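Here the protein sequences come in this chain order: A and B. So for the first sequence, my numbering puts the first residue at 22; every next one is plus one. So for the second sequence, my numbering puts the first residue at 64; every next one is plus one. Reading through the structure tokens given below for one structure.
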Amino acid sequence: MQVTINGKPEAVQGGTILEILKAKDISPQMVAVELNSKILERDELASTVVKDGDAIELLFYMGGGR
Amino acid sequence: MPFIPDSEEQVARYSRHILLPEVGGKGQKKIGLAKVLIVGAGGLGSPAALYLAAAGVGTIGLIDGDVVDLSNLQRQVIHQTADIGRPKVESAKARILAINPGVAVDTYYTRLTAENALDIIGRYDIVLDGVDNFPAKFLINDACFFARKALVHGGILRFDGRVFTILPGKSACYRCVFKQPPPPGLVASCQEAGVIGALAGVIGTIQATEVLKLILDRGRLLTDRLLDYDARLTRFREIKIARNPKCPLCGEHPDITQLTEHEPEVCAVKTA
Ligand SMILES: [Zn+2]
Chain A
22 MQVTINGKPE AVQGGTILEI LKAKDISPQM VAVELNSKIL ERDELASTVV
72 KDGDAIELLF YMGGGR
Chain B
64 MPFIPDSEEQ VARYSRHILL PEVGGKGQKK IGLAKVLIVG AGGLGSPAAL
114 YLAAAGVGTI GLIDGDVVDL SNLQRQVIHQ TADIGRPKVE SAKARILAIN
164 PGVAVDTYYT RLTAENALDI IGRYDIVLDG VDNFPAKFLI NDACFFARKA
214 LVHGGILRFD GRVFTILPGK SACYRCVFKQ PPPPGLVASC QEAGVIGALA
264 GVIGTIQATE VLKLILDRGR LLTDRLLDYD ARLTRFREIK IARNPKCPLC
314 GEHPDITQLT EHEPEVCAVK TA
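This is the structure:
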């Protein structure tokens, strides 16, 4: 199925948000995940199944300033 | 109320502002009455302080507990080689006054803590986040929420930058997105990762522009949307952020009801 991840169209196998993170080798502790403009709770990652057309934003921590 | 210039010097100095319909004499007066706190006189704080001083912000507070180090000069453009070893707030103050002697500069040669944050932030109208670590970013977000002060958040890392404006209680806050700091060592901050120097200029000046818009009450603020800048691709992207009802700070059932500090980071991440 086709989804958008950080603004880029991507074909994914389907499954849950957590599975998508795993496939990308991203630890759930490193990102905030937004699905269709709504921030997901960390415990929702394993229970949220992606659907065709979903817009996913993976927001990484950005700590610098100095 | 017409703008009554204090002197011809001021009219000349701010003429390019006064010419703007969004600013004018009235707006320039507002800028002169504004009090802005810049937390961190480093990569983001440097360009922000330079432009806000040049713009005529009447009172600028600077808080930073560090001294200028040689490795800062690649991006912290308010400091100069001769300033090495000098407290950053002193070095930045001298440079601000050289640009615009009309600015009142308050310096706090210390770190922002849960103990001093509300007192210091309470003296200003707007806060600009230019710190380099997560506990401080969360502390600033929380303190601005409790003090109900507008906050312009910024972050830089490697080739990526981010800006986000927060009107506490009205727009999404930092914790609406990130509930808490990442576990120590998992995510690099600028202390241990590289950063392209000019990126600090891009992000810091966008933050300064947001501050001026807040003062002037003009334009559309960067609230409820994050601006991400990818310098590698020279691409800006906007991500819509809605207020999170489950936010631990500004949500419907907050767990954070008073100011506390997260554990300081251990710099465990190796330089990539
Ligand atoms: Zn919030």
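Note that CB positions come from ideal geometry on N, CA and C, so glycine has one too. In this text the structure is predicted, and so the values were computed from the model without any measurement.
Buried or exposed by the 16-neighbour rule on C-beta atoms within 10 Å, applied to residue i
| i | result |
| --- | --- |
| residue 83 of chain B | exposed |
| residue 327 of chain B | exposed |
| residue 154 of chain B | buried |
| residue 331 of chain B | Bear in mind that a pLDDT of 43 at residue 331 of chain B, under 50, signals an unreliable position, so the model cannot answer this. |
| residue 118 of chain B | buried |
| residue 78 of chain B | exposed |
| residue 238 of chain B | buried |
| residue 235 of chain B | buried |
| residue 175 of chain B | buried |
| residue 180 of chain B | buried |
| residue 54 of chain A | buried |
Residue i: CB within 7 Å of a non-hydrogen atom of ligand 1
| i | result |
| --- | --- |
| residue 115 of chain B | no |
| residue 10 of chain B | Summary: the structure shown does not reach residue 10 of chain B, with chain B confined to residues 64 through 335, and so no result is reported for it. |
| residue 238 of chain B | yes |
| residue 313 of chain B | yes |
| residue 207 of chain B | no |
| residue 196 of chain B | no |
| residue 179 of chain B | no |
| residue 163 of chain B | no |
| residue 307 of chain B | yes |
Residue-level contact to chain B via CB, residue i, 8 Å cutoff
| i | result |
| --- | --- |
| residue 74 of chain A | no |
| residue 59 of chain A | yes |
| residue 67 of chain A | no |
| residue 42 of chain A | no |
| residue 80 of chain A | yes |
| residue 62 of chain A | yes |
| residue 53 of chain A | yes |
| residue 36 of chain A | no |
| residue 22 of chain A | no |
Integer-rounded CB distance, given that residue j should sit under 8 Å from residue i
| i | j | result |
| --- | --- | --- |
| residue 120 of chain B | residue 99 of chain B | 5 Å |
| residue 212 of chain B | residue 184 of chain B | 6 Å |
| residue 38 of chain A | residue 80 of chain A | Actually they do not touch by this definition, with Cβ atoms about 13 Å apart. |
| residue 106 of chain B | residue 267 of chain B | 7 Å |
| residue 123 of chain B | residue 190 of chain B | Actually they are not in contact, since the Cβ atoms of residue 123 of chain B and residue 190 of chain B sit about 12 Å apart, beyond 8 Å. |
Short CB-CB distance (under 8 Å) between residue i and chain A
| i | result |
| --- | --- |
| residue 316 of chain B | no |
| residue 261 of chain B | no |
| residue 163 of chain B | no |
| residue 101 of chain B | no |
| residue 265 of chain B | no |
| residue 47 of chain B | With chain B represented from 64 up to 335, any question about residue 47 of chain B goes unanswered, as that position is not in the structure. |
Any non-hydrogen atom of ligand 3 within 7 Å of residue i CB
| i | result |
| --- | --- |
| residue 200 of chain B | Absence of ligand 3 from the depicted structure is noted, with ligand 1 being the only ligands included. |
Is the stretch 274-291 of chain B touching the stretch 127-134 of chain B in the sense that three or more CB pairs, one from each, lie closer than 8 Å? no
Counting Cβ pairs, one atom from each stretch, are 3 or more of them under 8 Å apart for the stretch 72-83 of chain A and the stretch 87-94 of chain B? no
Is the number of C-beta pairs between the stretch 273-288 of chain B and the stretch 207-226 of chain B that are closer than 8 Å three or more? yes
Counting Cβ pairs closer than 8 Å, one from the stretch 293-305 of chain B and one from the stretch 140-150 of chain B, do we hit at least three? Taking 8 Å as the limit for Cβ pairs, the verdict is that the stretch 140-150 of chain B does not touch the stretch 293-305 of chain B.
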